[in-house]
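Trainee: By UniProt numbering, the letter at position 267 of the sequence shown is numbered 267, and the numbering carries on one by one without gaps. What follows is a single structure, and I will ask about it in a moment.
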Amino acid sequence: MAKKKASRAEKSDSPQTRAARGKGEKIKLVIVESPTKARTISRFLGSPYAIEASLGHIRDLPERATECPPEYRSKPWAYLGVDVENGFQPIYIVPKDKVKQVQKLKKALQSAEELLLATDEDREGEAISWHLCEVLQPQVPVQRLVFHEITREAILQALRSPRQIDENLVRAQEARRILDRLFGYDVSPLLWKKIRPGLSAGRVQSVAVRLIVDRERQRMAFRSATYWDLAADCLSPQGAHFSAQLVSVNGRGIPSGKDFDPQTGQLKNPELLLLDQAAAEELAARLQGKSARVILAEEKPYTSRPSPPFTTSTLQQEANRKFGFTARYTMQLAQRLYENGYITYMRTDSTHLADEAVESARQLIESQYGPEYLPERPRVYQTTVKNAQEAHEAIRPAGHPFASPESLKDVLSRDELRLYDLIWKRTVACQMADARGRRMTVRVEAEGAVFQATGRTIDFPGFLRAYVEGADDPDAELADRETLLPPLRVGDAVLLETVEPKSHVTQPPARYTEATLTRALEELGIGRPSTYATIIDTILERKYVIKKNNALVPTWVAFAVCQLLEQHFPELVDYSFTAQMEDELDAISRGELHWVDYLKRFYYGDGHPGLKRLLEAKIAEIDAREINRIRIGRPSDVGEDQPEIYVRIGRYGPMLEWGDKRVRLPENIAPDELTPDVAKTFFEKAEKEGEPIGVCPETGKPIYLRTGRFGTYLQRGNGENGEATERVSLPPGVRPESLTPEKALELFRFPRNLGSHPETGEPVEVHLGIYGPYIKCGEATRSLPDGKSPTEITLEEALQLLAEPKSRRRRIAQLRELGTSPVTGQPVRVMSGRYGPYVTDGQTNATLPKDVSPDDVTLEEALQWLAEKAQREAVSGKKKVVRRRTKKAG
């Protein structure tokens, strides 16, 4: 039995380890993080090297006090897993799911004469190597290998120049981990007590939520403004048409959107001329067909330079803009490309390119685009990263020369190839020549009205031939970027053939998307780009934010959390303070700041209260009732003596509160849509729901149409004096506005008894379910076929259905058709299924969010949900990704 167990354990070792053990030879053990990375490296290293994977971190802080070693469980700090009383010493444990892997690595180390730690070249990777040494306790020489691309040349170079573990990088990672633990584990329980269980706080997470909430507050405070201008179709002396826009009348400028105060909707500069509809139409009629004179015709050269190569943050932003990829999905694709040796390390803040990468790019440019596209000297991009130890390379194709995207079509999945193509183009373009062109401005004047036309000509496309930021097709984008104007000179006569008044409405600031939130965090110096995907995942999972057409919309719970932190712990969500924390962690990584001193100052204070004392002082001071009230304001037709309307965070969702009146707030309304006047309509609707739609002639009880947490339902009886009430949900396809008292009575007649089963004597009934009508007899149920009326079916027909085998096919009904999918070419439909409404494009099904009604779904929303679902399935492997293999020669 013991021999069988041993053989099974040996099978889990790498082939090199098993071979060495069989021969009694010593090996050089190389440990990386993932099996994929191990397989890729093993292609370049044969005997005597054995490659094993740690599967990420092999130990971490305990999740709870019960996971601590027994001697620590009674300590007051055990829930943190950090001894805050003695130098902030972390209590590390090996998680249960890593115990077998640790045993495997220890066994492999027994046959080794040297241990080579080849984890990623960043703080996390350095910490993993350090933990491996601490747990494995090697008795052989230990070396640290670092490389940022998995190619033969990079691996061999790393073997020629090993180094020791960088303790400063380890301490910086450890300080960050402990800092996040102190913040999260001490602040989160306060949110549970004062707002709602299950919430979480985080050093970067909470600031990200505040950014999103602040943007929504700006949208809520925004007041739109309407303004008018004129658009003219002009005819040049040579007979060429061009468009021009009104910019001034009698010396007074015409405003644009930026000229209005977003909080008042009023013009910032009263000297500007604000046209209303009547004035714009009168001016257009007066200028129609008039001759205008060219008063300005100028041409200026311009130069556009390429963007730097990708960093983690800019890659996430561009993949989101071009492909709609989430930050998480982008990093998963990049991880696979890196571990399989196609790109360099994908967690980097640097825009630097190695000399061999620059040389590869320049050779490609000259051969593929021509020598005129090659600058005289290589471009050098400066990075703003303060920590030189982590300023590696930008993200670029691995190796020398770069593999072309076309050569990988049969190797990579569709989305892997799209991301690789993006990285390849950006890397090549960043070393190409500038784009050059001319900008033209023409102004024409007629009767005091001045119109302006602008044009642009591209003389030399330069880098734009390979890559245009935010565009998929560079050639098409080049055509779109050119706006040609006819040759004009000052004094030329131009005919205003048609002049049309145009109305414009100012728009509120756009909500954050994953891409713009990532950019904002990076610009503020908050967090690390490698963690942004996790942060976004967390705030979505905690329901602080929902997605709406790719925009991040805060929930009312997010407003309450921000109110609590802003009012009582302003430093913790202060943008500058949080950015300073990153600077101090960088200082630790450079050996300029001691990690324990920093943690002590943060937790216990240094001339001002630290986190621990602040929490102790605030826990009794915070009024949960006030924190959970978000002010909406007073309706426009209500006097100042009347109370204001608030949103209150309740146990079962948000409620509207107006004086002593309460009403449930629909979860599908965004905060910026809830004006005081809109809020008032919900109270009015609730009052109407208090009035019956009819009276039941059989019982004399009133019938009400009401809205509850799970949708619209009918209620018979008002429950007064202990009177029993009956409720029935509206079945699919029944719209509340079309419900008459007669139809309501029909619904209360269910379940409808058809008689008794001749064999069992049990009643045979017709029921109305949320997925449609069905027959029930004892435990047996059968759905009614489409087209069979539940009010007309007979006992004989019901018995026939019960006698048939129960179909395993879900009862599915089409609710709406939205249009055609550009991906599958098939109709996009809203369906009602066993588990609720969903959308489908014939290949992918995506469940509707809980706060979205099937009646409100747009084609754009459906396509977004389907794209996200397809991405998740591709990542999880639920849908097989077809990969074409190249045929081996011979």
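Where is the CB? At the ideal position from N, CA and C, for every residue including glycine.
Tell me whether R396 sits in a helix, a strand or coil according to DSSP, three-state version.
Mentor: Indexing the sequence shown from 1 puts residue 396 at position 396. Reduced to three states, the DSSP call for R396 is coil.
Trainee: Is N320 near E522, with beta carbons less than 7 Å apart?
Mentor: For the purposes of this step, residue 320 is identified with residue 320 of the sequence shown, where counting begins at 1. For the purposes of this step, residue 522 is identified with residue 522 of the sequence shown, where counting begins at 1. Cβ distance not < 7 Å, so N320 and E522 don't count as in contact.
Trainee: Beta-carbon separation of A798 and V764 under 7 Å?
Mentor: Position 798 of the sequence shown, counted from the first residue, corresponds to residue 798. Position 764 of the sequence shown, counted from the first residue, corresponds to residue 764. Yes.
Trainee: Give the straight-line distance between the Cα atoms of D677 and F683, rounded to the nearest whole angstrom.
Mentor: The sequence position of residue 677 within the sequence shown is 677, counting from 1. The sequence position of residue 683 within the sequence shown is 683, counting from 1. Cα to Cα, D677 sits roughly 10 Å from F683.
Trainee: Just reading off the beta strand (DSSP E) that Q245 is part of, what are its end residues?
Mentor: Here residue 245 refers to the residue found at position 245 when the sequence shown is read from its first residue. Taken as a continuous stretch (DSSP letters only), the beta strand (DSSP E) holding Q245 covers H241 to V249.
Trainee: When we look at the beta-carbon of H504 and count the other beta-carbons within 10 Å, is it buried (16 or more) or exposed?
Mentor: Within the sequence shown, numbered from 1, the residue matching residue 504 stands at position 504. That one is exposed.
Trainee: Between which two residues does the alpha helix (DSSP H) harbouring D660 extend?
Mentor: As a position in the sequence shown, residue 660 is number 660, starting the count at 1. Segment: none, D660 is in no alpha helix (DSSP H) and carries neither H nor E.
Trainee: Count Cβ pairs between the segment 122–134 and the segment 51–65 that sit closer than 8 Å; are there 3 or more?
Mentor: These segments touch.
Trainee: Give me the Cβ distance between A78 and A65, rounded to the nearest whole Å; I'm assuming they're in contact under 8 Å.
Mentor: The residue labelled residue 78 in the question sits at position 78 within the sequence shown. The residue labelled residue 65 in the question sits at position 65 within the sequence shown. About 4 Å; that satisfies the 8 Å criterion.
Trainee: Leaving aside the five residues before and after T454 along the sequence, list all residues of the same chain whose C-beta is less than 6 Å from its C-beta, in chain order.
Mentor: The count along the sequence shown starts at 1 and reaches residue 454 at position 454. Within the same chain, T454 has close Cβ partners T441.
Trainee: Quick check for students: name the residue ranges of the beta strand (DSSP E) that lie wholly in the UniProt domain "Toprim" (27–151), counting only runs of 3 or more.
Mentor: Those beta strand (DSSP E) runs which fall completely within the UniProt domain "Toprim" (27–151) and span 3+ residues are 27–32, 49–53, 112–117 and 142–144.
Trainee: For W192, write down the residues that DSSP places opposite it in a beta bridge.
Mentor: Taking the sequence shown and counting its residues from 1, the one referred to as residue 192 is at position 192. For W192, which the question treats as bridged, DSSP gives no partner whatsoever.
Trainee: DSSP has M503 in a bridge; who is on the other side?
Mentor: As a first step, residue 503 is located in the sequence shown; it is residue number 503 there, counting from the start. The sequence given here has Ser at residue 503, not Met. DSSP, once it has assigned bridges, lists W228 as partnering S503.
Trainee: How about V380 and S248: are their beta carbons less than 7 Å apart?
Mentor: Here residue 380 refers to the residue found at position 380 when the sequence shown is read from its first residue. Here residue 248 refers to the residue found at position 248 when the sequence shown is read from its first residue. The answer is no: Cβ separation not under 7 Å.
Trainee: May I ask which residues mark the beginning and end of the alpha helix (DSSP H) holding K425?
Mentor: As a working mapping, residue 425 is identified with position 425 in the sequence shown. First-last of the alpha helix (DSSP H) with K425: R414 to A429.
Trainee: Mind checking which residues open and close the alpha helix (DSSP H) that includes F325?
Mentor: Your numbering for residue 325 matches position 325 in the sequence shown. It is not in any alpha helix (DSSP H) - F325 carries neither H nor E in the DSSP assignment.
Trainee: With a 10 Å radius around its C-beta and 16 neighbouring C-beta atoms as the bar for buried, classify H148 as buried or exposed.
Mentor: Stepping through the sequence shown from its first residue, residue 148 is reached at position 148. H148 comes out buried.
Trainee: Return the Cβ separation of L656 and I669 in integer angstroms, given the expectation that the two are a contact with Cβ distance under 8 Å.
Mentor: In the sequence shown, residue 656 corresponds to position 656, counting from 1. In the sequence shown, residue 669 corresponds to position 669, counting from 1. Contact flag wrong, Cβ pair sits at about 10 Å.
Trainee: Which residues in the same chain have their Cβ closer than 6 Å to the Cβ of M346, if we skip the five residues on either side of it in sequence?
Mentor: As a first step, residue 346 is located in the sequence shown; it is residue number 346 there, counting from the start. Once the five neighbours on either side are set aside, the close Cβ partners of M346 are A334, Y338 and I395.
Trainee: Once DSSP output is grouped into helix, strand and coil, what is the label at R634?
Mentor: Translated into positions along the sequence shown, residue 634 becomes position 634. Here R634 sits in coil by DSSP.
Trainee: Are the beta-carbon atoms of E393 and T330 separated by less than 7 Å?
Mentor: On the sequence shown, position 393 is the one that residue 393 refers to. On the sequence shown, position 330 is the one that residue 330 refers to. Not in contact: E393 and T330 (Cβ atoms no closer than 7 Å).
Trainee: Consult DSSP for S206 and reduce its assignment to one of helix, strand or coil.
Mentor: Start at 1 with the first residue of the sequence shown, and residue 206 comes out as number 206. Looking at S206 - three-state DSSP - the assignment turns out to be helix.
Trainee: Using the C-alpha atoms, what's the distance from Q218 back to P397?
Mentor: Position 397 of the sequence shown holds residue 397. Position 218 of the sequence shown holds residue 218. The straight-line gap from Cα to Cα measures roughly 41 Å.
Trainee: Closest by CA to A870, which one among V830, H608, T858 and T824?
Mentor: In the sequence shown, counting from the first residue as 1, residue 870 sits at position 870. Per the Cα distances, T824.
Trainee: Alpha carbon to alpha carbon, what distance is there between I526 and E626?
Mentor: Locating residue 626 in the sequence shown gives position 626, where the first residue counts as 1. Locating residue 526 in the sequence shown gives position 526, where the first residue counts as 1. If you take the alpha carbons of E626 and I526, they lie about 29 Å apart.
Trainee: Tell whether a beta-carbon distance below 7 Å holds between S360 and P401.
Mentor: Locating residue 360 in the sequence shown gives position 360, where the first residue counts as 1. Locating residue 401 in the sequence shown gives position 401, where the first residue counts as 1. Contact flag set, yes.
Trainee: Counting pairs of Cβ atoms below 8 Å between the segment 172–182 and the segment 69–83, do you hit three or more?
Mentor: Yes: the two stretches touch, three or more of their Cβ pairs being nearer than 8 Å.
Trainee: Alpha carbons only, please: which of L408, V358, V494 and G184 is nearest the one belonging to L611?
Mentor: One-based indexing of the sequence shown puts residue 611 at position 611. Nearest option by C-alpha distance: G184.
Trainee: Report the three-state DSSP secondary structure of A154 (helix, strand or coil).
Mentor: Counting from 1 along the sequence shown, the entry for residue 154 is found at position 154. Correct three-state label for A154: helix.
Trainee: When the Cα atoms are used, what is the spatial distance from L614 to H608?
Mentor: Walking along the sequence shown from the start, residue 614 turns up at place 614. Walking along the sequence shown from the start, residue 608 turns up at place 608. C-alpha separation (whole angstroms): 10 Å.
Trainee: What residue does the alpha helix (DSSP H) around V561 start on, and which one ends it?
Mentor: Taking the first residue of the sequence shown as position 1, residue 561 is located at position 561. Taken as a continuous stretch (DSSP letters only), the alpha helix (DSSP H) holding V561 covers W556 to H568.
Trainee: With DSSP run on the structure shown, which of helix, strand or coil describes F310?
Mentor: The residue given as residue 310 occupies position 310 in the sequence shown. Three-state result, F310: strand.
Trainee: Using 10 angstroms around the beta-carbon of A285, count the other beta-carbons present and answer buried if the total reaches 16, otherwise exposed.
Mentor: What you label residue 285 is simply residue 285 of the sequence shown in a count that begins at 1. It counts as exposed.
Trainee: Between A744 and the rest of its own chain, which residues show a CB-CB distance below 6 Å, the 5 nearest in sequence each way excluded?
Mentor: Within the sequence shown, residue 744 is the residue found at index 744, counting from 1. Correct list, in chain order: I703 and L714.
Trainee: Hey, out of S291, Y838, E416 and K28, whose CA is closest to L235's CA?
Mentor: Taking the sequence shown and counting its residues from 1, one reaches residue 235 at position 235. When only C-alpha atoms are compared, the closest one is S291.
Trainee: Taking the alpha-carbon of P554 as reference, which of D276, T794, A279 and V209 has the nearest alpha-carbon?
Mentor: Position 554 of the sequence shown, counted from the first residue, corresponds to residue 554. Closest by alpha carbon: V209.
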